[in-house]
Amino acid sequence: MKPLTEQEIRTAFVNCTKGEAKRLAVPRDLAERSWDDLDFLGWRDPQAPDRAYVVTELDGRPVGVQLRTSGAGSWQQRRSMCSVCLTTHTGGVSLMVAPRSGKAGQQGNSVGVYMCSDLACSLYVRGKKDTGVGARLQESLTLEEKIRRTVTNLATFIARVGA
Ligand SMILES: [Zn+2]
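Everything in the sequence shown is counted per the UniProt record's numbering, starting at 1 for the first residue and increasing by one.
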């Protein structure tokens, strides 16, 4: 993806208030990220690890969602699959919950997705990071196709947040 500035990131969020977007913890190392290898920028707030953020580009503009992750549960020790990049982990997938944007979110509506806890889907898809629990599913898809699928899965989730 195209490198983003802190300002672009802060204005990208669709499901938090302007005040929250102004205060949220944006990574300090944006300039050093390998943006070419990213389909989205995902990070956790180091001060509040239950808060996670995802920013990607949809139709040429940055779109971000804030997420909450649940605490440890027994399911986390099981082998489970990220529903964005379809990587299988043992204990490395979290349920991420996003308040929906606008009125729906104010009324407490949210949508959830099971996703790599470290939000590094882009790197797993590219084989730049591995889960250490054996091979990925054997798939006949090309890297391009896997990347497209990851992008589509994330876009579908973001659309549910914004719908
Ligand atoms: Zn993933």
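C-beta atoms are modelled at their ideal positions from N, C-alpha and C, and glycine is treated no differently. Computed from a predicted model, the values in this text were never measured in an experiment.
| Query | Result |
| --- | --- |
| Cut-off 7 Å between Cβ atoms - residues of its own chain near Asp37, not counting five sequence neighbours on either side | Ser122, Leu123, Arg126 and Lys128 |
| Sequence ranges, alpha helix (DSSP H) only - wholly within the region 46-111, length at least 4 | 102-106 |
| Contacting residues, own chain, Cβ-Cβ under 6 Å from Ala12 (five flanking each side not counted) | Val55, Pro62, Val63 and Gly64 |
| Three-state secondary structure assigned by DSSP to Gly42 | strand |
| Rounded Cβ spacing between Arg10 and Ala21 (contact assumed at less than 8 Å) | 5 Å |
| Euclidean distance between Cα positions of Gly108 and His89 | 30 Å |
| Helix, strand or coil at Cys121 [DSSP, three-state] | helix |
| Rounded distance between the beta-carbons of Val161 and Ala98, thought under 8 Å | 5 Å |
| Residue closest to Ala31, alpha-carbon to alpha-carbon, out of Ser70, Arg78, Leu4 and Gly19 | Leu4 |
| Range of the contiguous alpha helix (DSSP H) that encloses Phe157 | Leu143 to Gly162 |
| Range of the contiguous alpha helix (DSSP H) that encloses Arg10 | Glu6 to Arg10 |
| 6 Å CB neighbourhood of Trp35 in its chain, flanking five on each side removed | Met1 and Pro3 |
| Cross-strand partners of Cys116 (DSSP beta bridge) | Val93 |
| Straight-line gap, Arg23 to Lys103 (C-alpha atoms, nearest Å) | 21 Å |
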